[in-house]
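Note that the protein sequences, when read in sequence, are chains A and B. Numbering-wise (the working numbering), the first sequence opens with residue 1 and increments by one. Numbering-wise (the working numbering), the second sequence opens with residue 163 and increments by one. The next block holds one structure in the form of structure tokens; read it before the comments.
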Amino acid sequence: MEIGIIGVGNILLRDEGVGPKVAEILKKNYKFEPEIEIIDGGTLGLDLLVFIERFKKIIIIDVVDFQKEPGYTDVLIGEEIPPYLKTRFSMHHVGIQDLLEVAKLIGILPEEVVVVGIQPEVVEMGLDLSETITGKINELIKRVVNILEKWGVKCALQSRQK
Amino acid sequence: MARLVIDPVTRIEGHLRVEATVNGGKVKDAWSSCTMWRGMEIVLKGKDPRDAWAYTQRACGVCTTVHAIASVRAVEDAIGAKIPDNARILRNIIMANQNVQDHVIHFYHLHALDWVDVTSALKADPKKTSELAKKISSWPKNSETYFKAIQDKVKAFVESGQLGIFSNGYWGHSAYKLPPEANLLAVAHYLEALDWQREVIKIQALLGAKNPHPQTFVVGGQSTPVDPESQNALNADSIAFMLKYADMALEFVEKVYIPDLLAVASFYKDWAGYGGFSNFLACGDWPDASGKMYLPGGVIKNKNLAKIEPLDHKKFKEYITHSWYKYSQGDVGLHPWEGETTPNYTGPKPPYEYLNVDGKYSWGKAIRYEDLPMEVGPLARMLVAYGLGHKDVKEVVDMVLKKLGVGPEALFSTLGRTAARGIETLLMAKKTKDYIFELAANMGKGDTKIADTDKWDPKTWPKECKGVGFHEAPRGCLAHFVVIKDGKIANYQMVVPSTWNLSPRDHKGQRGPVEEALVGTPVADSKLPLELLRTIHSYDPCMACGMHMIEVREE
Numbered sequence: 001m002e003i004g005i006i007g008v009g010n011i012l013l014r015d016e017g018v019g020p021k022v023a024e025i026l027k028k029n030y031k032f033e034p035e036i037e038i039i040d041g042g043t044l045g046l047d048l049l050v051f052i053e054r055f056k057k058i059i060i061i062d063v064v065d066f067q068k069e070p071g072y073t074d075v076l077i078g079e080e081i082p083p084y085l086k087t088r089f090s091m092h093h094v095g096i097q098d099l100l101e102v103a104k105l106i107g108i109l110p111e112e113v114v115v116v117g118i119q120p121e122v123v124e125m126g127l128d129l130s131e132t133i134t135g136k137i138n139e140l141i142k143r144v145v146n147i148l149e150k151w152g153v154k155c156a157l158q159s160r161q162k
Numbered sequence: 163m164a165r166l167v168i169d170p171v172t173r174i175e176g177h178l179r180v181e182a183t184v185n186g187g188k189v190k191d192a193w194s195s196c197t198m199w200r201g202m203e204i205v206l207k208g209k210d211p212r213d214a215w216a217y218t219q220r221a222c223g224v225c226t227t228v229h230a231i232a233s234v235r236a237v238e239d240a241i242g243a244k245i246p247d248n249a250r251i252l253r254n255i256i257m258a259n260q261n262v263q264d265h266v267i268h269f270y271h272l273h274a275l276d277w278v279d280v281t282s283a284l285k286a287d288p289k290k291t292s293e294l295a296k297k298i299s300s301w302p303k304n305s306e307t308y309f310k311a312i313q314d315k316v317k318a319f320v321e322s323g324q325l326g327i328f329s330n331g332y333w334g335h336s337a338y339k340l341p342p343e344a345n346l347l348a349v350a351h352y353l354e355a356l357d358w359q360r361e362v363i364k365i366q367a368l369l370g371a372k373n374p375h376p377q378t379f380v381v382g383g384q385s386t387p388v389d390p391e392s393q394n395a396l397n398a399d400s401i402a403f404m405l406k407y408a409d410m411a412l413e414f415v416e417k418v419y420i421p422d423l424l425a426v427a428s429f430y431k432d433w434a435g436y437g438g439f440s441n442f443l444a445c446g447d448w449p450d451a452s453g454k455m456y457l458p459g460g461v462i463k464n465k466n467l468a469k470i471e472p473l474d475h476k477k478f479k480e481y482i483t484h485s486w487y488k489y490s491q492g493d494v495g496l497h498p499w500e501g502e503t504t505p506n507y508t509g510p511k512p513p514y515e516y517l518n519v520d521g522k523y524s525w526g527k528a529i530r531y532e533d534l535p536m537e538v539g540p541l542a543r544m545l546v547a548y549g550l551g552h553k554d555v556k557e558v559v560d561m562v563l564k565k566l567g568v569g570p571e572a573l574f575s576t577l578g579r580t581a582a583r584g585i586e587t588l589l590m591a592k593k594t595k596d597y598i599f600e601l602a603a604n605m606g607k608g609d610t611k612i613a614d615t616d617k618w619d620p621k622t623w624p625k626e627c628k629g630v631g632f633h634e635a636p637r638g639c640l641a642h643f644v645v646i647k648d649g650k651i652a653n654y655q656m657v658v659p660s661t662w663n664l665s666p667r668d669h670k671g672q673r674g675p676v677e678e679a680l681v682g683t684p685v686a687d688s689k690l691p692l693e694l695l696r697t698i699h700s701y702d703p704c705m706a707c708g709m710h711m712i713e714v715r716e717e
């Protein structure tokens, strides 16, 4: 598998958990051709090295401080990413910054790194996303799917049986 | 008098901030302010206790496995589940492997650059570096060409202007004492450690303990089946796989980490005189079949290694005199089972210059044992074991002391703390293999039981029960406290290693361990307080807090 999707963030901190949640939805509801790997990266930093080194391209889904209204979404590519990691909503942002820097230093940074980000509304103890962010999940998924399609991946909704 | 502010990660609630006053080139007083993981009960209240571990493993950015283990143990303790022998061994393997990986990463990635000057490494002579490497170890990557290549790689990285992980060092600081060759050697191993750790955690992946999050735990045991005959279980191939990586781990520790530690320490022996503390607490871990812990628990007061007291968690109390909380009963000490988490922030509105350290100044509670602050972590574990005459521990500790030419009193210091971590890594790297062999032997006997299901059904539980789950996490004694009522979680409190080590002052005004350890530390340049970082990092505060970013302000 050359393409990986990593949802990062802390699911115990409400909106911060949007990354892992979107990753879970993509995994459950979509079928990708060729297959891609979808990882719930949680709050891990360097422990993700072992996962990202296999990919040529990765999409990181995360909360980002765009200095915009809650729910604003955008896509950051390559060199655009580091400045946005300066605002850290919680510990995991330190981990992601370290992860990307160390990966670069030891030469395993994927050729393409893209962040699909969203401005959070509430980052506090709790399991539920705010309504604003919940309402933006489809937009985040659409952004991820657009990138994948540009990369030549066929994305199809799976029928949700069971 | 200058007051130094070390504020590694602004805008994060979960960070560590240290303020210190300096007088005559020495730290006169210090305050550590941090956020412990508070309010877990808000998330867990009313939830099924059997699911708690899946939530608690998310509590910290780095330590997923350790919280999963402490959590299943707490619930098992509460409901009286007894885990089968295979589960005990599997957990021992996971914990030992985690310990080794975490300590190596801490040393090279978070602590080494307090002692190693990366810019000096760029000036080193690769030939002399090769000679030094051959002198201290038989590790094969030691040629002149190899070190030249490393030097070029780091040079290119530095020249690209994106220093990244190296950007916050105090390069060229007068407190750096290593010759350029030793610096280059350490930088080479810093890079090797990054490659090594990716390999070594494959044991965790195989056991389902990192995928990237642990999947394998279950209240009552483990969920990854053990069956030598099955392709879909941990079998003979898995044993061989684990041994391969356990050997790789041990070899790196023996031939790289320990020689580096000794080589670096020999240039910094004065650090045996700074950064020490006097009380230590270990909960003990790595149980054998009889329940005896490989690393024993115990309490040391006032550096007295001749009298190690047994640990009794009922003597834990958390105070909030200087913490941003209020208790319903006022300024008292509460045992974690009775723990309360009502925030009461009285601090300045960020961004601010200084905290009001006379009042409340930390999100961390001041946990005390019989009203005394306690240091936890590898040094506490090694001292407790050493004091109890533990054969393996004594052997390695004495070897290290002899090689450095110092006595046991040197252990009560920043140098001792950093050395203890290496000593423990060597012991646990060896034990990892023992546990893998033990698992193989059990499988050979046809024992495939991995979980106790007798207590799975909440109907078998008492109407009300409470439990504690201890684990010697790499950073120190970790304890989860759970209260269960009618099959649901009624209270849940986590006492993490940093709660002990980074605690603020208590109701009696006693400093926490890091605060106390910093007093007396020499500071060559109050604008570049590298020396403080050495002691702070020697406690292995979590990754985020381990960053090299510092803000300094004059009073």
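For every residue, glycine included, the Cβ atom is placed at its ideal position computed from N, Cα and C.
Best match in the options for proximity to residue i [C-alpha to C-alpha]
| i | options | result |
| --- | --- | --- |
| Ile-60(A) | Gly-42(A), Asn-29(A), Glu-124(A) | Gly-42(A) |
| Gly-117(A) | Leu-76(A), Glu-101(A), Ala-156(A) | Leu-76(A) |
| Gly-438(B) | Arg-696(B), Leu-178(B), Leu-353(B), Val-167(B) | Arg-696(B) |
| Lys-741(B) | Trp-448(B), Ile-256(B), Phe-599(B) | This structure does not reach residue 741(B), given that chain B is present from 163 up to 717, and the question cannot be answered. |
| Pro-675(B) | Ala-192(B), Thr-183(B), Val-184(B) | Ala-192(B) |
| Leu-243(B) | Lys-297(B), Pro-288(B), Ser-292(B), Gly-383(B) | Residue identity check: residue 243(B) is Ala in the sequence provided, not Leu. The residue with the shortest Cα to Cα distance from Ala-243(B) is Gly-383(B). |
| Lys-188(B) | Glu-416(B), Gln-672(B), Ala-679(B) | Ala-679(B) |
| Leu-369(B) | Tyr-407(B), Lys-454(B), Gln-672(B), Ala-468(B) | Tyr-407(B) |
| Trp-277(B) | Ala-216(B), Ala-427(B), Leu-206(B) | Ala-427(B) |
| Pro-684(B) | Lys-476(B), Pro-449(B), Tyr-436(B) | Tyr-436(B) |
| Leu-13(A) | Arg-212(B), Pro-505(B), His-351(B), Ala-221(B) | Ala-221(B) |
| Lys-136(A) | Asp-62(A), Glu-35(A), Leu-99(A), Lys-28(A) | Asp-62(A) |
CA-to-CA distance, residue j to residue i, given in whole angstroms
| i | j | result |
| --- | --- | --- |
| Asp-247(B) | Asp-47(A) | 29 Å |
| Ala-274(B) | Ala-581(B) | 12 Å |
| Val-714(B) | Ser-195(B) | Caution applies to Val-714(B), whose pLDDT of 32 falls short of 50 and renders its modelled position unreliable; the value that the coordinates give is listed next. Taking the straight line from one Cα to the other gives about 16 Å. |
| Leu-44(A) | His-268(B) | 15 Å |
| Ala-258(B) | Tyr-72(A) | 44 Å |
| Arg-179(B) | Cys-627(B) | 38 Å |
| Thr-183(B) | Lys-209(B) | 46 Å |
| Asp-609(B) | Cys-445(B) | 29 Å |
| Ser-292(B) | Asp-314(B) | 15 Å |
| Leu-534(B) | Pro-472(B) | 15 Å |
| Phe-429(B) | Tyr-419(B) | 16 Å |
| Glu-586(B) | Pro-540(B) | 7 Å |
| Lys-285(B) | Lys-310(B) | 11 Å |
Same chain, Cβ closer than 8 Å to residue i, five either side skipped, listed in chain order
| i | result |
| --- | --- |
| Gln-219(B) | Thr-226, Thr-227, His-229, Ala-230, Ser-233, His-375, Pro-376 |
Neighbour flag for residue i against chain B, beta carbons, 8 Å
| i | result |
| --- | --- |
| Phe-51(A) | yes |
| Ser-78(A) | Residue identity differs from the one stated: residue 78(A) is Gly in this sequence, not Ser. Judged by the 8 Å Cβ criterion, Gly-78(A) is not in contact with chain B. |
| Met-125(A) | yes |
| Asp-128(A) | no |
| Ile-106(A) | yes |
| Leu-109(A) | no |
| Leu-48(A) | yes |
Chain A contact for residue i (CB, 8 Å cutoff)
| i | result |
| --- | --- |
| Ala-221(B) | yes |
| Asp-357(B) | yes |
| Tyr-507(B) | no |
| Tyr-487(B) | no |
| Phe-414(B) | no |
| Tyr-597(B) | no |
| Tyr-407(B) | no |
| Tyr-217(B) | yes |
| Val-205(B) | yes |
| Ile-651(B) | no |
Contact set for residue i: own chain, Cβ-Cβ below 7 Å, skip 5 residues either direction
| i | result |
| --- | --- |
| Pro-110(A) | Ile-52, Phe-55, Lys-56, Lys-57, Ile-58 |
| Met-605(B) | Val-388, Pro-390 |
| Ala-635(B) | Cys-225, Val-228, Pro-659 |
Close Cβ partners of residue i (< 6 Å) along its chain, the five nearest in sequence each way excluded
| i | result |
| --- | --- |
| Ala-355(B) | Val-266, Tyr-270 |
| Trp-215(B) | Ala-230, Ser-233, Val-234, Phe-379 |
Open item on the list: Any C-beta of chain A within less than 7 Å: which residues of the region 359-387 of chain B qualify?
Closed with: Arg-360, Ile-363, Lys-372, Pro-374, His-375
Task: Cβ-based contacts, 8 Å cut-off: residues of the region 8-27 of chain A near chain B - done: Asn-10, Ile-11, Leu-12
Task: Residues of the region 31-46 of chain A whose Cβ lies closer than 8 Å to any Cβ of chain B, in chain order - done: Ile-39, Asp-40, Gly-41, Gly-42, Thr-43, Leu-44, Gly-45, Leu-46
Open item on the list: At a CB distance below 9 Å, what residues from the region 227-259 of chain B approach chain A? Give them in sequence order.
Closed with: none
Open item on the list: To be precise: take each residue of the region 286-318 of chain B, compare its Cβ to all Cβ atoms of chain A, and keep it if any distance is under 7 Å. Which residues remain?
Closed with: none
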